[in-house]
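First the structure, in the form of structure tokens, and then the observations on it.
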Amino acid sequence: MATLSVPPVLSSPRDDAMQLFRAFKGLGTDTSTVINILAHRDAAQRSLIQHEYRTLYSEDLLKRLSSELTGNLETAVLWWMHDLPGRDAIIVRKALMMNAMNLEAATEVICSRTPSQIQVFKQHYHAKFGIHLEHGIESCASGDHKKLLLAYASMPRYEGREVDREMVVKDAKALYKAGEKKWGTDEKTFICIFSERSAAHLAAVDSAYHDMYGNSLKKVIKKETSGLFLHALKTILLCSANPAEYFAKVLHKAMKGMGTNDTALIRVIVTRTEIDMQYIKAEYLKRYKKTLNDAVHSETSGHYRAFLLALLGPNQ
1 MATLSVPPVL
11 SSPRDDAMQL
21 FRAFKGLGTD
31 TSTVINILAH
41 RDAAQRSLIQ
51 HEYRTLYSED
61 LLKRLSSELT
71 GNLETAVLWW
81 MHDLPGRDAI
91 IVRKALMMNA
101 MNLEAATEVI
111 CSRTPSQIQV
121 FKQHYHAKFG
131 IHLEHGIESC
141 ASGDHKKLLL
151 AYASMPRYEG
161 REVDREMVVK
171 DAKALYKAGE
181 KKWGTDEKTF
191 ICIFSERSAA
201 HLAAVDSAYH
211 DMYGNSLKKV
221 IKKETSGLFL
231 HALKTILLCS
241 ANPAEYFAKV
251 LHKAMKGMGT
261 NDTALIRVIV
271 TRTEIDMQYI
281 KAEYLKRYKK
291 TLNDAVHSET
301 SGHYRAFLLA
311 LLGPNQ
């Protein structure tokens with residue numbers, strides 16, 4: 001569900017393109033105008049603006065934005081200019097490059113997306129970069145983490161809410177045998193169940209496991225696994241039950257303590273604004289007794305802050 005708060009757009013994509021061109025002219029950039037236009041346009045409108053800009057000025061708007069903006073604002077605006085699957089492809093590609101590898105970010109994006117979202121972003125990935133997503137995973141990840149990412153990125157999974165209760169109990173038993181009951185861990189069973197089952201099924205397995213063995217699967221995977229493999233399993237598990245709660249936690253982690261993890265902050269806000277941001281904001285407020293807008297306001301500044309707050313919409 002799109003959640004971007006789009007005010008009535010009185011200007012056409014062509015008018016927007018012309019206003020942006022004027023904002024770039026002369027000494028310095030009228031950054032406020034750039035933010036006011038782009039932060040309040042949905043994916044289709046942003047695409048049309050880019051088309052009109054190229055038609056009018058024989059110039060790529062993204063390249064122009066890149067030369068006019070800097071730092072965190074540049075990153076946020078450039079990611080925002082893409083549609084959802086194109087953006088996911090760019091984020092994961094960058095995260096899988098040797099000179100700037102961020103396997104945690106790549107894992108977050110891959111393991112939090114629905115099967116249909118993964119299929120579309122894989123197509124974009126191949127079209128943009130000429131290689132398959134699996135190739136990037138193969139060359140950067142390792143061990144059980146690599147096996148899980150490869151399986152999760154390639155398995156078609158049911159996306160409905162119906163579950164088979166017998167299968168749920170069977171999987172809960174299999175995970176108990178593979179983890180808590182066993183000396184060591186049978187990672188293969190965890191990989192199989194976490195990569196092949198639907199989100200609704202996994203959430204039901206978590207509930208059944210708790211009823212049967214008195215423990216949550218989250219605690220089990222924390223005890224039985226570690227590192228990036230644990231991060232991938234946890235992302236899949238938490239997003240199967242409540243993606244908004246998962247992303248509220250990622251945002252809180254990005255802003256707590258000394259300094260801010262701006263890459264994570266930008267990644268979550270920009271990628272979730274048009275999906276489920278109002279739910280993430282509600283989860284954030286419930287969990288941390290502070291609005292997400294207030295948290296972002298206290299951790300950022302200047303035009304960068306203005307842009308992120310414009311994407312977040314009303315402070316509630």
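Counting along the sequence shown from 1, when you hit position 130 you're at 130 in full-length UniProt numbering, and nothing is skipped either side.
Glycine is no exception: its CB is placed at the ideal position from the N, C-alpha and C atoms.
Small disclaimer: the values here were computed from a predicted structure and weren't measured.
**OP:** Could you tell me whether any Cβ in chain D is nearer than 8 Å to the Cβ of Ser67?
**Re:** Included in the structure is just one protein chain, with no chain D present.
Subject >> Buried versus exposed, by CB contacts within 10 Å (16 or more), Gly214 >> reply: exposed
Original post:
How many angstroms separate the CA atom of Ala310 from the CA atom of Asn36?
Top reply: So the two alpha carbons sit approximately 8 Å from each other.
Original post:
For Thr127, which option in Gly86, Arg113 and Ala295 has the closest C-alpha, if you only look at C-alpha atoms?
Top reply: Before going further, note that residue 127 is Ala rather than Thr in the sequence given. Here the closest residue by C-alpha is Gly86.
Subject >> For Arg157, the nearest candidate out of Pro115, Ala17, Tyr279 and Leu103 (CA to CA) >> reply: Pro115
Original post:
What do you get for Thr271, buried or exposed, if any count of 16 or more other CB atoms within 10 angstroms of its CB means buried?
Top reply: buried
Original post:
Leaving out five residues before and five after Pro13 in sequence, what residues of the same chain have Cβ atoms less than 8 Å from its Cβ?
Top reply: Gln45, Leu48, Ile49, His51 and Glu52
Original post:
When the Cα of Pro314 is compared with those of Lys256, Thr300, Arg287 and Ala282, which residue comes out closest?
Top reply: Ala282
Original post:
What residues in its chain sit with their C-beta under 7 Å from that of Ala39, if we drop five residues either side in the sequence?
Top reply: Phe307, Ala310 and Leu311
**OP:** Assign Asn99 to buried or exposed, taking buried as 16 or more other Cβ atoms, counted over all protein chains shown, within 10 Å of its Cβ.
**Re:** exposed
**OP:** Grab me the residues of Asn102's own chain with a C-beta within less than 8 Å of its C-beta, minus the 5 sequence neighbours each way, in chain order.
**Re:** Correct list, in chain order: Lys94, Ala95 and Thr263.
**OP:** Going by CA-CA distance only, name the one from Cys192, Asp83, Glu299 and Arg161 that's closest to Gly257.
**Re:** Glu299
Original post:
Among the residues of its own chain, which have a CB less than 7 Å from the CB of Phe247, if the five just before and after it don't count?
Top reply: Val268, Arg272 and Ile280
Original post:
Do Ile91 and Ala105 have their C-beta atoms closer together than 8 Å?
Top reply: Yes, Cβ-Cβ distance for Ile91 and Ala105 is below 8 Å.
Original post:
When the Cβ atoms of the region 64-71 are set against those of the region 223-242, are three or more pairs found closer than 8 Å?
Top reply: no
Original post:
Quick one: what's got a C-beta closer than 6 Å to Met255's C-beta in the same chain, skipping five residues either side?
Top reply: Annotation for Met255: Ala295 and Glu299 place their beta carbon closer than 6 Å to its own, counting only its chain and skipping 5 residues before and after.
Original post:
Which full runs of the alpha helix (DSSP H) of 4+ residues lie inside the region 270-295, going along the chain?
Top reply: 277-288
**OP:** Buried or exposed for Leu27, please, with buried defined as at least 16 other CB atoms from any protein chain shown within 10 angstroms of its CB.
**Re:** exposed
Original post:
Quick one: what does DSSP say Asn315 is sitting in, helix, strand or coil?
Top reply: coil
Subject >> Spatial distance of Leu62 from Ala89 (CA atoms) >> reply: 16 Å
Subject >> Cβ neighbours of Leu237 in the same chain (closer than 8 Å, five flanking residues each side left out) >> reply: Phe194, Leu202, Asp206, Leu217, Lys218 and Ile221.
Original post:
Can you give the Cα-Cα distance for Pro8 and Ala43, rounded to whole angstroms?
Top reply: At Pro8, the pLDDT of 49 sits below 50, so the modelled position is not reliable; the number obtained from the coordinates is stated separately. Approximately 15 Å between the Cα atoms of the pair.
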